[in-house]
Amino acid sequence: MRILALNAYHGGSHRAFLDGWMAHSRHTFDTMTLPAYKWKWRMRHAAVTFAEQLRSPGYQVQRWDALFCTDMLNLAEFRGLSHRAVYTLPTIAYFHENQLTYPNRENHERDLQYAFTNLTTCIAADAVWFNSAYHRDIYLSNIASWMRRMPDYQLTGAAEGILEKSSVHWPGVDLSPRSSPRSTGPIRILWASRWEHDKNPQVFFDSLRILQQERVPFRVKVLGESFGRVPTCFSAARDQLSQHIDHWGYASRREEYIDAVRSTDVVVSTALHEFFGIGVVEAVAVGNFPLVPRALAYPEVIGDDDDYFHDGSARGIAARLAALSQRLASTGSCWAESTAAAKIVGPYGWATAARRMDQAVEQVCADKPTSD
């Protein structure tokens, strides 16, 4: 099969997802992408831009079996602006995020025009894929309550209609476990989340300060992307924890990132918002022990073992890290079982994930022939 893939925000996890699927898929992809910059503008203009590009002579003669896009595209606009060979394609919309339940960076009323763009994309798609069941469920439940706020002409059946054509397709990761033995030294702690308030970094850094006060030896690597206004707790932590820091800042090259993650022992998330948690899963894939909230998508993605969860408080996280430090010192590993990491990440290997999505695309096409 030949798939036309439109990635309106081609960067970060959105790019990694599409690149990973294409590299492991049995299908052929033609891609149209836009840089990962100014996401609001991308959501407003991408449909027009892609439709115009597809009117060029080189594209007019092309034919595809399916269309793939993400939540960053206004699919309804795009299909309305496209020529028949494109707008009649069986179409899959993949939701990495949604703008109805995604947390605001500032304390102000949500701009619902972007949420409505997501809604019309769902309605226009033949299939809607979510990156976790948690994401699907919280999104659809919020659609139902949101529709009740409309003054009239409420789309009361919207959530049910989307649910009928929705499915969950976890993103894949490269399974490349640590090949060399761990070097000696104290526990090495990893932060792999974005530098934003919804990742709750203050609690993470407070837990490290407690370890420091209690003289628990540790090293820390603070990775993750930052955008514009960075929470002030980062600069304060860099000063106060400087003697413990091995790496500070975004690793722009993939190889640099993986090398950094391979040399840590435990990845900590304090997130208040997470639709999947790709940074945690990638860290586990190379041997890191996960210490995450028992909330959001984590119980679905990581499993239900109590050992992996903290209580959300700085003191509770510090206590768990101190206990893991003792386990590491006595056994040489933070893991209670040597095969536990492989069991967690097994379903997310790209060979498995790509095969599932390839089959799902074929089913969407079988359900809606392009001649319709």
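In my numbering, the protein residues as written are 1 to 372. Beta carbons are placed, not taken as given, at the ideal position from N, Cα and C, and that holds for glycine. None of these values were measured; they are calculated from a predicted model.
Under DSSP, M32 takes part in a beta bridge, and its partners are L6. Contact between S193 and G224 holds, with the beta-carbon distance rounding to 5 Å and staying under 8 Å. When rounded, the separation of the alpha-carbon atoms in R178 and Y348 is 17 Å.
Taking every protein chain shown into account, the CB of T264 has 16 or more other CB atoms within 10 angstroms, so this residue is buried. A residue is called buried when at least 16 other Cβ atoms come within 10 angstroms of its Cβ; M150 does not meet this threshold and is exposed.
With a minimum length of 4 residues, the unbroken runs of alpha helix (DSSP H) contained wholly in the segment 57 to 84 fall at 57 to 60, 75 to 81. In chain order, W191, W248 place their CB closer than 6 Å to the CB of V222, counting only its own chain and leaving out the 5 sequence neighbours on each side. The straight-line gap separating the alpha-carbon atoms of L328 and F289 is approximately 11 Å. Listed in chain order, the non-local C-beta contacts of L140 below 8 Å within the same chain comprise A159, I162, L163, S166, local neighbours out to five positions each way being set aside. Where D265 is concerned, there is no enclosing alpha helix (DSSP H), because DSSP gives it neither an H nor an E.
Bridge partners of G349 according to DSSP: V173.
Per DSSP, the unbroken alpha helix (DSSP H) holding L112 starts and ends at 112 to 124. In the structure shown, W191 falls within a strand segment according to DSSP collapsed to helix, strand and coil.
When DSSP reads this structure, V222 sits in a beta bridge with W191, W248. In this structure, Y94 lies away from F116, with their beta-carbon atoms at least 8 Å apart. In this structure, the alpha-carbon of R215 lies about 30 Å from that of S226. In the three-state reduction of the DSSP assignment, A47 falls in the helix class, which pools H, G and I.
Distance from the Cα of Y298 is smallest, within the candidate group A66, V230, A124, V280, for V280. According to the DSSP assignment, T91 belongs to the beta strand (DSSP E) that extends over 91 to 95. With a cutoff of 8 Å on beta-carbon distance, I317 and S183 are scored as not near each other. Per DSSP, reduced to three states, the secondary structure at P186 is coil, with no helix or strand assignment.
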